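Q: Following this message is one structure expressed as structure tokens.
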Amino acid sequence: MPNKTKNPVITLTTDFGLQDHYVACMKGVILQIAPDARILDVTHEIEPHNILGGAFVLGQLLDWFPPDTIHIVVVDPGVGTSRRVIAARYDGQTIIAPDNGIVSFAHQTHQVEAACTVTNPRVRLSTVSNTFHGRDVMAPAAAHLAMGLALVDLGQLTDHLEILAVARPKPVGVRALEGEIVHIDRFGNLLSNIGRQDVAGVSTGGRQVAVAVDGVDLGPLQQTYADATAGDALALMGGSGFLEIAVRLGSAREKLSAAVGAKVIVREN
Amino acid sequence: MPNKTKNPVITLTTDFGLQDHYVACMKGVILQIAPDARILDVTHEIEPHNILGGAFVLGQLLDWFPPDTIHIVVVDPGVGTSRRVIAARYDGQTIIAPDNGIVSFAHQTHQVEAACTVTNPRVRLSTVSNTFHGRDVMAPAAAHLAMGLALVDLGQLTDHLEILAVARPKPVGVRALEGEIVHIDRFGNLLSNIGRQDVAGVSTGGRQVAVAVDGVDLGPLQQTYADATAGDALALMGGSGFLEIAVRLGSAREKLSAAVGAKVIVREN
Amino acid sequence: MPNKTKNPVITLTTDFGLQDHYVACMKGVILQIAPDARILDVTHEIEPHNILGGAFVLGQLLDWFPPDTIHIVVVDPGVGTSRRVIAARYDGQTIIAPDNGIVSFAHQTHQVEAACTVTNPRVRLSTVSNTFHGRDVMAPAAAHLAMGLALVDLGQLTDHLEILAVARPKPVGVRALEGEIVHIDRFGNLLSNIGRQDVAGVSTGGRQVAVAVDGVDLGPLQQTYADATAGDALALMGGSGFLEIAVRLGSAREKLSAAVGAKVIVREN
């Protein structure tokens, strides 16, 4: 007898957009198998085929969702090839995704508990297309998990997951480090890969640090977006726990002409 | 005593966008009547007033949703005129929409079981505006159906539904046919009206077929998106069962400058 | 014992967009506290930092949602400063939002029943960031309300809410009034602040009124969008109860080059 979760939550993160029927078809498939599943859209606006873009968003989810949440993530340029579909458990939550590195950010900050391939024919649709495994493989597998199927019943346990190199901050000189911008959000805020502990490692006894991006000096770390005057740039620790560069009531992306990959220097002030 | 569905599913497909309050007002109306209804957004990004665009998306849904699903579809340039609002049952699912041809794709591939007008004053809001029947007529009708009301209690049975001409592939010469592009998706993939059986009809004994769009030769049908090198175009059978033209890791819409209506030729190779 | 609502509904209105993880994190926080909560997206496309834009959408919701609905509204350029987070009850529904005037439209048309600050540490996350109170303060407060916590237990009762000046129509000459455009929707329809009763006040004994926007004469009020020929502008009473200017099968925003703030004159014909 499977151990069915009450109100199982299934989240969806894809690069499908919402203009087409693709996401809806996945939801329909889920509801046919798991009528009580609660389906939540995370985003469908991952840039098409941008695996690291999807990996970043996925990496931000695990800290905030309840145990037993199932996250389907579909950025899948290799659909229909030999790339595997995998299910991996982190902190009691399960990620179902193509094995193309999309778990890389989550994997960096959370401990994988178990992983397996999604190969059991009983958890796929009876006909599997070559072009839409989100609907034909991942959605039904998630729905079966939501209905209480054990992870290991999805396929074969595996101890290998494809992990992409995710940039980490590195020391530069004395009491300084260099990180980079890994995501730009809707407001044009630049999110870096520099965490609280990275910043703490630069600061002696809580002294202030100064921040620069692409050679532009932003002064000391601030506390809130409102600590700059309108139109001015500032650096602060963002809500996801990473150093972030913003423009008060404006867009840092536009003002600083910055892109993903821009270098960020933090040094003791 | 109405035969209430457990967890009734109501989907929404509109040209309203999500920037305004319109979709939310429909959801609020549904929840006032059917507090247990599960409301799923299909898309609200149908091009404004594009009835065939909405019809295409609706036509892709029926194969994937559970029995008793109710699909509200609002692309309604004639709102407030004499055009009817109808409820039509196909394969155990019910479509509630303006009677302007938006069921045309669904009607081509599925059997209508019953249809009626939505005219019963008891299933409308007490005040019906001239500009927003999605909220005032279709949402409450769907919610009453979800609560177990019978289709025939929505209004009068009708044996006429407005059906628009939907292009079908036609033979051209020996072992060749001409179809056309009917939808372009978020990836820039070109979806045609040429189904598996159409392709099978061109191929003798499973021989390969070759595809051309707007006079550009795409070579034989491939199996997966990854069967072309990055930036190259290919044709394959897409996940919706129709011949589709894609560019590996790119946009066929951009590379081929193609639009809805572009001619697609399939011939024996 | 708290008085838990069955199927509590929590709606979300933000300027976060849907490309990032922010909205999903709020949903995860809600579900950890209130697993049965029904979370509905209203819109996440409020223009960044546009408080009046969010206020307009919020003002359209209260008439359509069930009692006990909780509306979280996050357009919060002052996050992390001394601006308060408040919970205000209108018509049995509760708004949780920064106290920056975002309730201004709702406040104009509905009676506030009670309001309090959201300051109780037990209804916040254990760590509150300076940059994301939607996730750390408003989402958990809403979830606790959904679980049956009383409004007054969120913090301290308050009899002051920040209210922004919302333009109201004013008389100009005899049997004429001047209002303005307060919102432009996805279709390019121009929504004014002129309500049914404002129009009735101009018309003697139900006589027709004529409308002009930015000096362009639109003729008498029409009944439906279809009362103009394709491409022509018209004025009519929109589904939200306000005078609206539209272009048949087109965009009034484009045709009339109109913007929020454009003056609208209604006079007896």
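Chains as they are written, first to last, in our numbering: chain A, -7 to 261; chain B, -7 to 261; chain C, -7 to 261.
Beta carbons: idealized from backbone N, C-alpha and C, even for Gly.
No experiment lies behind these values; they were computed from the predicted model shown.
#1: If you scan the region 43 to 90 of chain B from start to end, which runs of the alpha helix (DSSP H) of 4 or more residues do you find wholly inside it?
#2: Are the C-beta atoms of arginine 178/B and some chain A residue less than 8 Å apart?
#3: Could you list the residues in the region 14 to 29 of chain C with a C-beta less than 7 Å from some C-beta on chain A, going in chain order?
#4: Mind checking serine 121/A: buried by the 16 CB within 10 Å criterion, or exposed?
#5: Please name the residue in Thr196/B, Val205/B, Gln200/B whose C-alpha comes closest to that of serine 184/B.
#6: Whole angstroms is fine: what's the gap from alanine 135/C's alpha carbon to isoleucine 87/A's?
#7: Along the chain, where does the beta strand (DSSP E) that runs through histidine 99/C open and close?
#8: What is the DSSP secondary structure of glycine 140/C, reduced to helix, strand or coil?
#9: Have a look at lysine 255/B and isoleucine 173/B and give me their C-alpha separation to the nearest angstrom.
#10: Quick one: complete alpha helix (DSSP H) runs, 4+ long, within the region 112 to 193 of chain C?
#11: List the endpoints of the continuous alpha helix (DSSP H) containing valine 15/A.
#12: Give me the Cβ distance between isoleucine 78/A and threonine 109/A, rounded to the nearest whole Å; I'm assuming they're in contact under 8 Å.
#13: If we cut at 8 Å on Cβ distances, does serine 121/A have a partner in chain B?
#14: For lysine 162/C and glycine 171/B, I'd like the C-alpha separation in whole angstroms.
#15: Counting along the chain, where does the alpha helix (DSSP H) carrying alanine 244/A start and finish?
#16: Closest to threonine 150/C by CA distance: which of Ala131/C, Ala107/C, Asp177/C, Gly165/C is it?
#17: In whole angstroms, what is the alpha-carbon distance linking phenylalanine 57/A and alanine 29/A?
#18: For aspartate 33/C, does the three-state DSSP call read helix, strand or coil?
#19: Below 7 Å CB to CB, which residues in the same chain sit around glycine 188/C once its five sequence neighbours on both sides are set aside?
#20: Output the distance between the C-alpha atoms of glutamine 214/C and leucine 226/C, rounded to the nearest integer angstrom.
#21: With 7 Å as the limit, tell me which residues of the region 42 to 58 of chain A have their beta carbon closer than that to any beta carbon of chain C; keep them in chain order.
#22: Does the beta carbon of arginine 245/C come closer than 8 Å to any beta carbon on chain A?
#23: In its own chain, which residues sit with a C-beta less than 7 Å from the C-beta of glutamine 52/C, not counting the 5 before and 5 after it?
#24: Using a Cβ-Cβ cutoff of less than 6 Å, which residues in the same chain neighbour serine 243/B once the five nearest sequence positions on both sides are dropped?
#25: Taking DSSP's pairing of strands, which residues face aspartate 209/A in a bridge?
#26: Look up valine 1/A in the DSSP assignment and say whether it is helix, strand or coil.
#27: Using Cβ-Cβ distances below 8 Å, what residues of the region 72 to 103 of chain C are close to chain A?
#28: Just to confirm the assignment, what range does the beta strand (DSSP E) spanning phenylalanine 234/C have?
#29: Work out the CA separation of valine 66/A and asparagine 92/A for me, nearest whole Å.
#30: Identify which residue in Asn(-1)/C, Glu39/C, Lys(-2)/C, Gln24/C has its Cα closest to the Cα of threonine 5/C.
#31: When you compare the CB of asparagine 112/B with every CB in chain A, is at least one pair closer than 8 Å?
#32: Does any residue of chain B have a CB that is nearer than 8 Å to the CB of arginine 116/A?
#33: In chain A, which residues lie with their C-beta within 7 Å of the C-beta of arginine 182/B?
#34: Interface residues of chain C around aspartate 9/B at Cβ under 7 Å?
#35: Just grab the DSSP bridge partners of threonine 6/A for me.
#36: Using only alpha-carbon positions, find the residue among Ala250/A, Leu23/A, Glu246/A that is nearest to methionine 265/A.
A: Let me lay it out:
#1: Fully enclosed alpha helix (DSSP H) runs of 4 or longer: 43 to 53.
#2: Here the question's residue 178/B lines up with position 186 in the second sequence. Chain A has a Cβ within less than 8 Å of the Cβ of arginine 178/B.
#3: Residues passing the 7 Å Cβ filter: Ala16, Cys17, Lys19, Gly20, Val21, Leu23, Gln24, Pro27, Asp28.
#4: In the first sequence, the residue the question calls residue 121/A occupies position 129. Result: buried.
#5: For the purposes of this step, residue 184/B is identified with residue 192 of the second sequence, where counting begins at 1. The shortest Cα separation from serine 184/B among Thr196/B, Val205/B, Gln200/B belongs to Val205/B.
#6: The residue given as residue 135/C occupies position 143 in the third sequence. The residue given as residue 87/A occupies position 95 in the first sequence. Here the C-alpha atom of alanine 135/C lies approximately 25 Å from the C-alpha atom of isoleucine 87/A.
#7: Counted from its first residue, the third sequence places residue 99/C at position 107. Counting along the chain, histidine 99/C falls outside any beta strand (DSSP E), though it belongs to the alpha helix (DSSP H) covering 96 to 101.
#8: Locating residue 140/C in the third sequence gives position 148, where the first residue counts as 1. Residue state, collapsed to three classes: coil.
#9: Residue numbering aside, residue 255/B sits at position 263 when the second sequence is read from its first letter. Residue numbering aside, residue 173/B sits at position 181 when the second sequence is read from its first letter. Their backbone Cα atoms lie some 7 Å apart in a straight line.
#10: Counting whole runs of 4 or more residues, the region 112 to 193 of chain C contains the alpha helix (DSSP H) stretches 131 to 138.
#11: To locate residue 15/A, count along the first sequence from 1; it is residue 23. Counting along the chain, the alpha helix (DSSP H) containing valine 15/A begins and ends at 14 to 25.
#12: As a working note, residue 78/A is residue 86 in the first sequence. As a working note, residue 109/A is residue 117 in the first sequence. Rounded, the Cβ-Cβ distance is 6 Å, consistent with contact.
#13: Locating residue 121/A in the first sequence gives position 129, where the first residue counts as 1. Yes, contact with chain B.
#14: The residue given as residue 162/C occupies position 170 in the third sequence. The residue given as residue 171/B occupies position 179 in the second sequence. Distance between the alpha carbons of lysine 162/C and glycine 171/B is about 59 Å.
#15: Locating residue 244/A in the first sequence gives position 252, counting from the first residue. First-last of the alpha helix (DSSP H) with alanine 244/A: 244 to 248.
#16: One-based indexing of the third sequence puts residue 150/C at position 158. Comparing C-alpha distances from threonine 150/C to each of Ala131/C, Ala107/C, Asp177/C, Gly165/C shows the shortest one belongs to Ala107/C.
#17: As a working note, residue 57/A is residue 65 in the first sequence. As a working note, residue 29/A is residue 37 in the first sequence. Phenylalanine 57/A and alanine 29/A: Cα-Cα distance of roughly 15 Å.
#18: The sequence position of residue 33/C within the third sequence is 41, counting from 1. Three-state result, aspartate 33/C: strand.
#19: In the third sequence, residue 188/C corresponds to position 196, counting from 1. Inspection of the sequence shows that residue 188/C is occupied by arginine rather than by glycine. Counting only Cβ-Cβ distances below 7 Å, and skipping sequence neighbours, we find Met229, Gly233.
#20: Numbered from its first residue, the third sequence carries residue 214/C at position 222. Numbered from its first residue, the third sequence carries residue 226/C at position 234. Looking at the two C-alpha atoms, the distance is approximately 7 Å.
#21: Listed by position along the chain: Val49, Gln52, Leu53, Trp56, Phe57, Pro58.
#22: Locating residue 245/C in the third sequence gives position 253, counting from the first residue. For arginine 245/C, the answer is no, since every Cβ of chain A falls outside 8 Å of its Cβ.
#23: As a working mapping, residue 52/C is identified with position 60 in the third sequence. Apart from sequence neighbours up to five positions away, the residues of its chain that approach glutamine 52/C with a beta-carbon distance below 7 Å are Ser232, ordered along the chain.
#24: The residue given as residue 243/B occupies position 251 in the second sequence. For serine 243/B, where only same-chain residues beyond five positions count, the Cβ hits under 6 Å are Gly180.
#25: The residue given as residue 209/A occupies position 217 in the first sequence. For aspartate 209/A, which the question treats as bridged, DSSP gives the partners Ala204/A.
#26: What you label residue 1/A is simply residue 9 of the first sequence in a count that begins at 1. Look at valine 1/A here: in three-state DSSP terms it is strand.
#27: Flagged, chain order: Gly72, Thr73.
#28: For the purposes of this step, residue 234/C is identified with residue 242 of the third sequence, where counting begins at 1. Phenylalanine 234/C -> beta strand (DSSP E) spans 234 to 239.
#29: Position 100 of the first sequence, counted from the first residue, corresponds to residue 92/A. Position 74 of the first sequence, counted from the first residue, corresponds to residue 66/A. Cα to Cα, the separation comes out at about 10 Å.
#30: On the third sequence, position 13 is the one that residue 5/C refers to. Cα-wise, what sits closest to threonine 5/C is Glu39/C.
#31: As a position in the second sequence, residue 112/B is number 120, starting the count at 1. Under the Cβ criterion of 8 Å, asparagine 112/B is not counted among the residues facing chain A.
#32: Residue 116/A sits at position 124 when you count from the first residue of the first sequence. Under the Cβ distance rule, arginine 116/A does not count among the residues neighbouring chain B, no pair being separated by less than 8 Å.
#33: Here residue 182/B refers to the residue found at position 190 when the second sequence is read from its first residue. First, the residue type needs correcting, since residue 182/B is leucine and not arginine in the sequence shown. Chain A residues near leucine 182/B: none, gap ~13 Å exceeds 7 Å.
#34: Walking along the second sequence from the start, residue 9/B turns up at place 17. The question names aspartate, yet the displayed sequence has glycine at residue 9/B. Simply Arg178.
#35: Taking the first sequence and counting its residues from 1, the one referred to as residue 6/A is at position 14. For threonine 6/A, which the question treats as bridged, DSSP gives the partners Val66/A.
#36: Coverage of chain A is limited to positions -7 through 261, which leaves residue 265/A absent and any answer about it impossible.
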